[in-house]
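For reference, the structure is listed below as structure tokens.
There are 2 protein chains.
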Amino acid sequence: MAKNIASISGFPEWLPAERLVELQVLDTLRETFELHGFSSLETRAVEPVSQLLRKGETSKEIYLLSRLQDSNLDIDRQMSKGKRLGLHFDLTVPFARFVNENAGHLVFPFKRYQIQKVWRGERPQDGRFREFIQADIDVVGQGELAFHHEVELALVMGEALSKLGLPAVTIRVNNRKIVQGICEGAGIEQVEDALRCLDKLDKIGADQVREELESVGIRAEQADVLLKMAQISGSKSESIVSAVTALGYQSELLDEGLAELRAMLEEGERRAPGLLVADLKIARGLDYYTGTVYESFIEGHEDLGSICSGGRYDNLIGDGKKKYPGVGLSIGVSRVLSRIMAANLLVPSRPVPTVVYVAVNDEEHRGESNAIAAALRARGISTDVADKAAKFGKQIKAADRRGIPFVWFPGDVDEVKDIRSGEQVVADCHTWEPPQQDLKVQVLAPPLDVEG
Amino acid sequence: MAKNIASISGFPEWLPAERLVELQVLDTLRETFELHGFSSLETRAVEPVSQLLRKGETSKEIYLLSRLQDSNLDIDRQMSKGKRLGLHFDLTVPFARFVNENAGHLVFPFKRYQIQKVWRGERPQDGRFREFIQADIDVVGQGELAFHHEVELALVMGEALSKLGLPAVTIRVNNRKIVQGICEGAGIEQVEDALRCLDKLDKIGADQVREELESVGIRAEQADVLLKMAQISGSKSESIVSAVTALGYQSELLDEGLAELRAMLEEGERRAPGLLVADLKIARGLDYYTGTVYESFIEGHEDLGSICSGGRYDNLIGDGKKKYPGVGLSIGVSRVLSRIMAANLLVPSRPVPTVVYVAVNDEEHRGESNAIAAALRARGISTDVADKAAKFGKQIKAADRRGIPFVWFPGDVDEVKDIRSGEQVVADCHTWEPPQQDLKVQVLAPPLDVEG
Numbered sequence: 001m002a003k004n005i006a007s008i009s010g011f012p013e014w015l016p017a018e019r020l021v022e023l024q025v026l027d028t029l030r031e032t033f034e035l036h037g038f039s040s041l042e043t044r045a046v047e048p049v050s051q052l053l054r055k056g057e058t059s060k061e062i063y064l065l066s067r068l069q070d071s072n073l074d075i076d077r078q079m080s081k082g083k084r085l086g087l088h089f090d091l092t093v094p095f096a097r098f099v100n101e102n103a104g105h106l107v108f109p110f111k112r113y114q115i116q117k118v119w120r121g122e123r124p125q126d127g128r129f130r131e132f133i134q135a136d137i138d139v140v141g142q143g144e145l146a147f148h149h150e151v152e153l154a155l156v157m158g159e160a161l162s163k164l165g166l167p168a169v170t171i172r173v174n175n176r177k178i179v180q181g182i183c184e185g186a187g188i189e190q191v192e193d194a195l196r197c198l199d200k201l202d203k204i205g206a207d208q209v210r211e212e213l214e215s216v217g218i219r220a221e222q223a224d225v226l227l228k229m230a231q232i233s234g235s236k237s238e239s240i241v242s243a244v245t246a247l248g249y250q251s252e253l254l255d256e257g258l259a260e261l262r263a264m265l266e267e268g269e270r271r272a273p274g275l276l277v278a279d280l281k282i283a284r285g286l287d288y289y290t291g292t293v294y295e296s297f298i299e300g301h302e303d304l305g306s307i308c309s310g311g312r313y314d315n316l317i318g319d320g321k322k323k324y325p326g327v328g329l330s331i332g333v334s335r336v337l338s339r340i341m342a343a344n345l346l347v348p349s350r351p352v353p354t355v356v357y358v359a360v361n362d363e364e365h366r367g368e369s370n371a372i373a374a375a376l377r378a379r380g381i382s383t384d385v386a387d388k389a390a391k392f393g394k395q396i397k398a399a400d401r402r403g404i405p406f407v408w409f410p411g412d413v414d415e416v417k418d419i420r421s422g423e424q425v426v427a428d429c430h431t432w433e434p435p436q437q438d439l440k441v442q443v444l445a446p447p448l449d450v451e452g
Numbered sequence: 001m002a003k004n005i006a007s008i009s010g011f012p013e014w015l016p017a018e019r020l021v022e023l024q025v026l027d028t029l030r031e032t033f034e035l036h037g038f039s040s041l042e043t044r045a046v047e048p049v050s051q052l053l054r055k056g057e058t059s060k061e062i063y064l065l066s067r068l069q070d071s072n073l074d075i076d077r078q079m080s081k082g083k084r085l086g087l088h089f090d091l092t093v094p095f096a097r098f099v100n101e102n103a104g105h106l107v108f109p110f111k112r113y114q115i116q117k118v119w120r121g122e123r124p125q126d127g128r129f130r131e132f133i134q135a136d137i138d139v140v141g142q143g144e145l146a147f148h149h150e151v152e153l154a155l156v157m158g159e160a161l162s163k164l165g166l167p168a169v170t171i172r173v174n175n176r177k178i179v180q181g182i183c184e185g186a187g188i189e190q191v192e193d194a195l196r197c198l199d200k201l202d203k204i205g206a207d208q209v210r211e212e213l214e215s216v217g218i219r220a221e222q223a224d225v226l227l228k229m230a231q232i233s234g235s236k237s238e239s240i241v242s243a244v245t246a247l248g249y250q251s252e253l254l255d256e257g258l259a260e261l262r263a264m265l266e267e268g269e270r271r272a273p274g275l276l277v278a279d280l281k282i283a284r285g286l287d288y289y290t291g292t293v294y295e296s297f298i299e300g301h302e303d304l305g306s307i308c309s310g311g312r313y314d315n316l317i318g319d320g321k322k323k324y325p326g327v328g329l330s331i332g333v334s335r336v337l338s339r340i341m342a343a344n345l346l347v348p349s350r351p352v353p354t355v356v357y358v359a360v361n362d363e364e365h366r367g368e369s370n371a372i373a374a375a376l377r378a379r380g381i382s383t384d385v386a387d388k389a390a391k392f393g394k395q396i397k398a399a400d401r402r403g404i405p406f407v408w409f410p411g412d413v414d415e416v417k418d419i420r421s422g423e424q425v426v427a428d429c430h431t432w433e434p435p436q437q438d439l440k441v442q443v444l445a446p447p448l449d450v451e452g
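So the sequence lines, in the order shown, correspond to chains A and B.
Read in order, the letters of the first sequence are residues 1 to 452 in UniProt numbering.
Read in order, the letters of the second sequence are residues 1 to 452 in UniProt numbering.
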């Protein structure tokens, strides 16, 4: 299968066969989210720059808009008022804005999914694009949000990802309350700095993290505690709890975090064994998380990085008076797709939606072929009619070149040929059915190569 | 139903219930296009400004992109090289670029559909947005493209629009070869100017069109001919042909155009009676059309303007050496949707995807409710679990506020209540099925008001 064919770096496009894989992935996500009662939402692609710049750290990645006929003065004026528009770089910021604006029209807890393109002006790399699709689910409460939604979100995403037909996905979870509790216990005040440093553990290793921790004023024995904590991981709640307890700190916050992490693991083990693993080095870059944080990895493709991340946020949405605590998880769909295509993890059973190609005997009888096509389509069978009344051999070749499995020959008695097997049978367009596996394009993992 | 809730003028957003209507419309279009063998394509949202400015007339409507950290010098440099990026304002320009770039990977005639957002910086008005969805189908040949595809496209769009459940849609067709043939015959050299003036006929009336025609150097008796031609309309091919013939001109081009228009009407009458009407004032603003041109109107909503337009283009796509003649039609989905919502033309049977709300007896037994939900979902029934183990009355109210029709009560023997009728029955989560019309949200025209 051809790779993505971006003619502008960072803006991937797919050929029709690969687009079928993308559609199947998006459909599966949507179906799973709807099965769990999540409502679809789509927000505009743009936000005022003032909204986008609320989180300073991503400011560099924003694409700003201007109209061709705007003067520099117009643009400066919009900019200074924070009214200039930019393309959204994630779906969380627009969702937070949407909830604030429309809370009166929503029923809480509000569960929504959102599958849209986002844009970031960063340097394109393998699996990192400037335009890409994210698929988010969030649950947001009004004033409060029960912890069980933090478990629910991981399980919904686990189910959605498992239905894609990819190698197994593991969701690694941590809880900010634990990190914060340990920091409090160890007298570390630079919690955000600590998180930022720990986030790099896999990339730069313990020694360099220790250096960075010390460079922000965290003492050597404090760094020891953090690095010890960051080594704790596993799926057995008992051993996680005892390993954390063994660090020797205690506080209400730490207890709460540990109880939540334990509940998360135990509920995960009951409902989706093997999906959840505690990993206390999971930090997440964003500072608005207040409870569970998640990162997810595809078995054998850990080099891709986390393909589905998020967390609990208590203070992100709100207008000062009201608070809307939430929890969200976001799949980097384009990143997953780029690997699916490059490594042939999923392939479509054919490159077009079409099942049947109706031959045309001669141009005067094109109407008969059109009528047959209409009858097949009326029963949900995707059908195309030959472009030209060429010799039948040529028409069969035209179907074959497109990857359409069946050619229909109109006559006194119609016949249909499976051009893969060569089998040709008498058929009636009002009753004939293709084999079930041919009706719709199937997107599946390719058969394993047989070793010679 | 609430109207669109744009907090930035021209960038519409929908609440979850309305989003269900939008999804249904988009799904129906997609299904119909795929039934007819059109492949899905999605192009990036951006194109180089040089590509976007190929058609000068729309230049003012383009949104240009810049990155927050770009210097003015960077921007000027990109601009002068034509490499600056802008958001696409339609799906035809990106499709033409895609075909040119990837012709080697495509099989011709290539049939694709494309449903995406586009952006225009124009002043927002009723039904005109700055961000909106278009749904396009095109067929493109290599070197040549048979006329029957011009008929096919109208019929596919007619079928797609009829399946939406809206009032009847009429597609009004004309043929550029007729207009051009008449202009040749009458010695009018300003064909493009003539088209531009005729395009305004409905808006400004015959007298003003005559003035405008004369202002571009078209003589009074020539203007008479054009205005006489523009009055010809109807669905009977015989009378159209004789009315055009009565204008008193003849040429190969005119004959060809008339033969095509006649074939279009006759084939339309056979396959979709009432769908196609010839209307010789249909001009279309774009100068790249070379054969059939289309505009479409919803009965009783003609004030919306054309909701689906397009035409045959022979010279739009190509790299100098190769030519890719095509024909395309584009639905202004957001414009149609804004009317659907405002006039309540379609409403969803409920505001959420969810069929069943499983009650929770107490927090200790949430697991049982989760297990019931999992069993229902495994059989495709969208299910949510109560947020809180409140009194049953409160849990029923929570389902009702969401518009979820069934509440499930776990027990030694489970029961399920249809909260619309109040009927409650014993049920097993491994076998119970909701009524077919409740399984998925249905989006339908609301029942007519009964006159008192």
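Just so it is clear, CB atoms sit at the ideal spot from N, CA and C, and this is done for glycine as well.
Here's the rule I'm using: 16 or more other beta-carbon atoms within 10 Å means buried, otherwise exposed. How should residue i be labelled?
{"i": "E42 of chain B", "result": "buried"}
{"i": "R67 of chain A", "result": "buried"}
{"i": "G82 of chain A", "result": "exposed"}
{"i": "L73 of chain B", "result": "exposed"}
{"i": "K394 of chain B", "result": "exposed"}
{"i": "I204 of chain A", "result": "exposed"}
{"i": "residue 525 of chain B", "result": "Outside the shown range of chain B, which is 1 to 452, sits residue 525 of chain B, and nothing can be said about it."}
{"i": "G452 of chain B", "result": "Residue confidence is low: G452 of chain B scores 40 on pLDDT, short of 50, so the model does not pin down where it sits. No coordinate-derived value is stated."}
Grab me the residues of residue i's own chain with a C-beta within less than 7 Å of its C-beta, minus the 5 sequence neighbours each way, in chain order.
{"i": "Y289 of chain A", "result": "R176, G311, R312, Y313"}
{"i": "L276 of chain A", "result": "A154, I171, V173, S235, M264, L265, G268"}
{"i": "S382 of chain A", "result": "P353, T354, V355"}
{"i": "S39 of chain B", "result": "K111, R112"}
At which residues does the beta strand (DSSP E) containing residue i begin and terminate?
{"i": "E86 of chain B", "result": "Checking the sequence shown, residue 86 of chain B turns out to be Gly, not Glu. From DSSP, the beta strand (DSSP E) with G86 of chain B extends over 85-87."}
{"i": "L64 of chain A", "result": "63-67"}
{"i": "D287 of chain A", "result": "Counting along the chain, D287 of chain A falls outside any beta strand (DSSP E), and DSSP gives it neither H nor E."}
{"i": "residue 453 of chain A", "result": "Residue numbering for chain A in the displayed model covers 1 to 452; residue 453 of chain A lies beyond these limits and cannot be assessed."}
{"i": "residue 522 of chain A", "result": "Here chain A has residues from 1 to 452 only, and residue 522 of chain A is not among them."}
{"i": "V151 of chain B", "result": "It is not in any beta strand (DSSP E) - V151 of chain B instead sits in the alpha helix (DSSP H) that spans 148-162."}
Could you pull the DSSP bridge partners for residue i from this structure?
{"i": "Q424 of chain B", "result": "B:K417"}
{"i": "K323 of chain B", "result": "B:G318"}
{"i": "Q114 of chain A", "result": "A:D136"}
{"i": "D279 of chain A", "result": "A:S233"}
Taking DSSP as the reference, what is the three-state secondary structure of residue i?
{"i": "L444 of chain B", "result": "strand"}
{"i": "I94 of chain B", "result": "Contrary to the premise, residue 94 of chain B reads as Pro rather than Ile in this sequence. In the structure shown, P94 of chain B sits in a helix (DSSP, three-state: H, G or I)."}
{"i": "C429 of chain A", "result": "coil"}
{"i": "N315 of chain B", "result": "coil"}
{"i": "F392 of chain B", "result": "helix"}
{"i": "K81 of chain B", "result": "coil"}
{"i": "F138 of chain B", "result": "Residue 138 of chain B is actually Asp in this sequence, not Phe. Note: D138 of chain B maps to strand in three-state DSSP."}
{"i": "P353 of chain B", "result": "coil"}
{"i": "A399 of chain A", "result": "helix"}
{"i": "V358 of chain B", "result": "strand"}
{"i": "L129 of chain B", "result": "The sequence shown places Phe at residue 129 of chain B, rather than the Leu named in the question. Of the three classes helix, strand and coil, the one that applies to F129 of chain B here is coil, per DSSP."}
{"i": "I307 of chain A", "result": "coil"}
{"i": "S237 of chain B", "result": "helix"}
{"i": "L73 of chain A", "result": "helix"}
{"i": "D412 of chain A", "result": "coil"}
From which residue to which residue does the alpha helix (DSSP H) around residue i run?
{"i": "A343 of chain A", "result": "Element bounds for A343 of chain A: n/a, residue is neither H nor E."}
{"i": "V209 of chain A", "result": "201-215"}
{"i": "V49 of chain A", "result": "49-52"}
Which residues in the same chain have their Cβ closer than 6 Å to the Cβ of residue i, if we skip the five residues on either side of it in sequence?
{"i": "V443 of chain A", "result": "V21, Q24, L346, P348"}
{"i": "A2 of chain A", "result": "Note that A2 of chain A scores 43 on pLDDT, short of 50, meaning its location in the model is unreliable and no value can be drawn from it."}
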